[in-house]
Each structure stands twice: as C-alpha cells, then as structure tokens.
Amino acid sequence: MSNEAKVIIDEKEYRYPIIVGTEGERAIDAMNLRKDTGCITYDDGYGNTGSCKSDVTFIDGELGILRHRGYPIEQLAENSSFLETAYLVIYGELPTGDDYAKFRARINSNANMHEGMKNIFSAFPPGAHPMAVLSALMNTVGCYYPELATNDRHKDVQMFDWAAALLLSKVRTIAALTYRHLKGKPWVYSRPNYRYTENFLHMMFSDPYNDYVPRSEIADALDLIFLLHADHEQNCSTSTVRMVASSGANLFASVAAGVCALWGPLHGGANMAVIRMLEDIHNTGDDGTCFIENAKNGKQRLMGFGHRVYRNFDPRSRILGKAAERIFDKIGVQDPLLDIARRIEEVALKDDYFISRKLYPNVDFYSGIILRAIGIPVEFFTVMFSIGRMPGWIANWYEIAIQPRQKIHRPRQIYTGKNARDYVQMDQRG
Ligand code: CMC
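So the mapping is simple: our numbering equals the position in the sequence shown, first residue as 1, plus 751.
Written as structure tokens, this is what we have:
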C-alpha cells in the first residue's frame, strides 16, 4: 500500500505523506497543502476531515464498532460502571486501587453547590430550557473555583485532576437542582453514601420531608445510559470543546460550549425529538407506518435513525434496545411508545429507503424511552446526555491542553460573496 498521496494541480505534482492510525485508518497529511499549492481542501460538514490525532475512542462506522481506550463498548456496558468508564476515558486505564478511591472521593466531596449559586438559579425564569441553564452554570461554576479555571494552560493542567472530578460531580448536581428550581422546589443536598446515579436521583426527586429512595434497577438503568454516552470521538460537541480549548480557554468554558453544541436536535437533542415523534405517532393512532412513509418522502425525519459515522448498527443502540425490555420488566412499567418504536425499527430495517441509505437506529432511539420509563422529564433528556458525555469532553480538552505546540483551530473558507466593488458613499449618491 502506498504511503504517499500525489496531488496534481495545474500539471504540477505534489506529494503528501499518508499517515496511519493504530487501527489502520489512513489519512492524507495535508498540513503543507496551502503553503505548497495555494489551495485549501473543501469539506463542508467535515465528513472527510481528520481534525486531530486522538488516543481516546475508536469507531468503525462500517462495522458498528465502538471502543474506548481499546475496550469494546459491549464489554464496558457489561462489566463496568459509568464512573469506572469515565476514569478509563479520562486517564486511559480502567481504575484500580488508590487512584480510583481518590477520584471518587473528589467527586463525592464536590457534590454540593456553593450557596451563592442559589441567586444565579433564581434569575432563570420558570420556562427556561434546562440546557440553557446547564451551559450557563457550567461556566459559572468555574467562577467559584478560580484556581481551576485560570486560562493559564500550565496552571489549568496542573489542577486538571481536581477540575475533572469537580465537573463530573457538579454537572450532576446542576442538572438535579435545575429541575428543582424549574419546579419551584427547595435544594436537596447530596448523600455521600449513595452511588453516583443514586445521588443524582435523590437530589432530583427527594423532598425535605419525603425521601426518594433510589431503586437499584432505576439507578442501574441510568448508569448504563450515562456509560453509553461517555465519549464518541469527534462528534459535534466534542469538536466544539476541542475548538474552544485550542484558544487556551479553561476546561469549564470549553465544556459549557460543548453543552450548547449538544443541545441541537440533530445531535443530543434527538433523544427528546424521538419521544415527541413517538407521542405524535401514538396520538394520531398511527402504528408508525404512515410516519415512515412521510420520512421517506422527506416530509419528516425519522428521529433516532441515521448517523454521520455509523453506516451499520450503532452498537450503543443494540445494547439499549436489548436492555429496554429487561429494564421495563424490572421496574414494572409498560409504555405503548416502546411497541411503536419496535414496530418502526422492524419496518424501517426492511425498507429499501433506509437500507440503501444505511440508516439504522442510533443511541437516541431507545435512550429516550428508557429515560421516560425511569421518570426523567423529557426536557431533561439532553441534560442526561450531557452528564454522560462529560468524561469525553474532559478527556478531549486534556489532549489539546497537554500538546506542547498547540495551534489555535482556525479553518479556512471559500468566499462566495460579492466581488470587490468601489465603495460609493450614501451622501455622494445624493
Ligand atoms: N430519516 C429519514 N431520512 C434520513 C434520515 C432520517 N433520520 N437521516 C438521513 N436521512 C436521509 C437524508 O434525507 C438523505 O437522503 P437523500 O440522499 O435522499 O437526500 C440521506 O439519508 C443522507 O442524509 P444526511 O442528512 O446527508 O446524513 P448525515 O450523515 O449528514 O446526517 C444525521 C446524520 C444523524 C444528522 C441524520 O441521519 C439525522 O438527521 N438523523 C435524525 C436525527 C438523529 O437521530 N440524530 C442523533 C444522531 S446520534 C447521537 C449523536 O451522536 O448526536
């Protein structure tokens, strides 16, 4: 196989090295292209652009493979917790002994918020979208820990272990307290004896005189959802985090931007959109057949289907699809939306429109149905995705932060506006 690419422009030939990843992925190294030729590459939507080298996550979209630091997602989902997977994604190894104990202790000791944050919560109107609150508060938290968010790269990297654990902890508390604020309920404080997801459910749903005792099957289902979202290589929000980080911005500012990118319905917002879609289908008495016809005619998108990278099953969706039945049985819930989802999946997977475009269920297809079953309000679904994705954002920020000669990310463009014109002042035109 050639290790060089030839580019011919105006009959002149240029040669560029082909670089190969550890799983055999190949890329033309175009770092000198513009300097040599005056041309840039054009790749609207970045579908063919490798924006970085990364050690964190590997995806083979054709084969439906997802691995974090070399471990298959199926294995992690079977044997590990969300926090263990978070540790793996951030530090590169599954946790053992003292280091993990320290990591968990830092998460536990940082669970509660500075009371000053109450004033900030109270400024948000009752109808505020939880993702808007979350992104604003991710940055605000940094203001309470100025030693962790200095924008001095050297100092921010030195404090990374603290900042990473603090963010994993605070994102969960902010999510729970946002719910309470929007419902007009008082704050509930964390319980150090609870697991990560138990504590989240307690902070979200307990009342001062009425403890919500988290059921282990509900805490486990939420843990699985967080774990399956832990990282997903250079998706829109993670690329955003890296982009912001490349300017030298601290971890808090960078993940706040990631939350904003995740909010959109084509990215993390799809889990909400799936439920809205299934509810609409249910309310109109359709079993999914009419909706599929509309999706094929371009009138609607089948939310929770399709992926920029997977041209085969999203392995996370397979895991959740199988888990859904088990979770529903364990918690004793029945939901007609699950039947509609199953029917849509069955019909779409046999339909030439979806087959020829390689459109399969993605992670959002079943995650929303499970979140609904365990009592998470639909407007908080994307917030749940944000909690899950935090390890990936943190790990990708760190990769940028420790590069010795990190360049600011600054793509080029092809200008298609008006040509140069003489500037005629308004008053001269009379
Ligand atoms: N329903 C119906 N048709 C679709 C769908 C869909 N969900 N997704 C893609 N297509 C069609 C699209 O109309 C186009 O058809 P044609 O070639 O006839 O014009 C073709 O498939 C290619 O679509 P595309 O928009 O060019 O594909 P993309 O790779 O740019 O988009 C996507 C990927 C995820 C944005 C898209 O599949 C989509 O909008 N899916 C629904 C939203 C969704 O579920 N998003 C969650 C993604 S997974 C979670 C995450 O990582 O954020």
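Positions of the beta carbon are idealized from the N, C-alpha and C atoms, including for glycine. These figures come from a predicted structure and were not determined experimentally.
| Asked | Found |
| --- | --- |
| Tell me whether Leu1017 is buried or exposed, calling it buried when 16 or more other Cβ atoms sit within 10 Å of its Cβ. | exposed |
| Are Pro1112 and Gly1072 close, meaning C-beta to C-beta below 8 Å? | yes |
| Hey, would you say the C-beta of Ala1004 is under 7 Å away from at least one heavy atom of ligand 1? | no |
| In angstroms with no decimal places, state the Cα-to-Cα distance between Asn861 and Thr800. | 38 Å |
| Would you tell me roughly how many angstroms separate the C-alpha atoms of Val977 and Thr788, rounded to the nearest one? | Val is not the amino acid found at residue 977; the sequence shown has Phe there. Rounded to the nearest angstrom, the two C-alpha atoms are 46 Å apart. |
| From the DSSP output, which residues share a beta bridge with Glu949? | According to DSSP, which records beta bridges pairwise, Glu949 is partnered with nothing at all. |
| Could you name the residues that DSSP lists as bridge partners for Glu755? | Pro768 |
| Would you mind giving the Cβ-Cβ distance between Asn1022 and Ser1118, rounded to the nearest angstrom? I have them listed as a contact below 8 Å. | 5 Å |
| Quick check on the DSSP output: the beta strand (DSSP E) that includes Ile1159 runs from which residue to which? | Here Ile1159 belongs to no beta strand (DSSP E), and DSSP marks it neither H nor E. |
| For the alpha helix (DSSP H) that contains Arg855, what are its first and last residues? | 848-860 |
| From what residue to what residue does the beta strand (DSSP E) around Ala778 run? | 777-779 |
| Can you grab the Cα-Cα spacing for the pair Ile760 / Asn783, in whole Å? | 14 Å |
| May I ask you to list the residues that DSSP assigns as paired with Pro823? | Arg818 |
| State buried or exposed for Glu949, treating a residue as buried only when at least 16 other CB atoms are found within 10 Å of its CB. | buried |
| In its own chain, which residues sit with a C-beta less than 8 Å from the C-beta of Ala781, not counting the 5 before and 5 after it? | Tyr767, Thr792 |
| Across which residues does DSSP place Ile760 in a beta bridge pair? | Lys763 |
| Do the stretch 1055-1069 and the stretch 804-821 meet, that is, are 3 or more Cβ pairs less than 8 Å apart? | yes |
| Based on DSSP bridge pairs, tell me the residues matched to Ile810. | Leu817 |
| So, for Ile841: in the same chain, excluding its five sequence neighbours on each side, which residues have a beta-carbon less than 8 Å away from its beta-carbon? | Ala915, Pro1142, Ile1145, Ala1146, Tyr1149 |
| Looking at C-alpha atoms only, which residue of Arg1163, Asp903, Phe1132, Glu1044 is the closest neighbour of Ala927? | Phe1132 |
| Taking 7 Å as the cut-off, is the CB of Gly1053 close to at least one heavy atom of ligand 1? | The sequence given here has Leu at residue 1053, not Gly. Within the cutoff, so yes. |
| Rank His880, Glu984, Val892, Ser988 by C-alpha distance to the C-alpha of Glu866 and give the top, closest one. | Val892 |
| Tell me whether Leu817 counts as near ligand 1, meaning its Cβ is closer than 7 Å to at least one heavy atom of that ligand. | no |
| Rounded to whole angstroms, what's the CA-CA distance from His1160 to Asp795? Just pull it up for me. | 16 Å |
| Closest to Ala852 by C-alpha separation, out of Gly843, Tyr838, Asn1001, would be which residue? | Tyr838 |
| For Asp1065, which three-state DSSP category applies? | coil |
| Under 8 Å, do Tyr896 and Leu917 count as touching if we go by C-beta distance? | yes |
| On a CA-only basis, which of Pro823, Lys1158, Arg1172, Val758 is nearest Arg993? Give me that one, please. | Lys1158 |
| Does the distance from the CB of Ile1091 to the CB of Leu1029 come in under 8 Å? | yes |
| For Glu825, I'd like the list of residues in its chain whose CB is within less than 7 Å of its CB, leaving aside the five on either flank, ordered along the chain. | Pro1066, Ile1070 |
| Is the CB-CB distance between Ala1056 and Ala1099 below 8 Å? | The sequence given here places Phe at residue 1056; Ala does not occur at that position. Taking 8 Å as the Cβ cut-off, Phe1056 and Ala1099 qualify as a contacting pair. |
| One question on the structure: do Glu762 and Phe809 come within less than 8 Å of each other, judged by their Cβ atoms? | no |
| Quick check on Gln1085: buried or exposed, where buried means 16 or more other Cβ atoms within 10 Å of its Cβ? | exposed |
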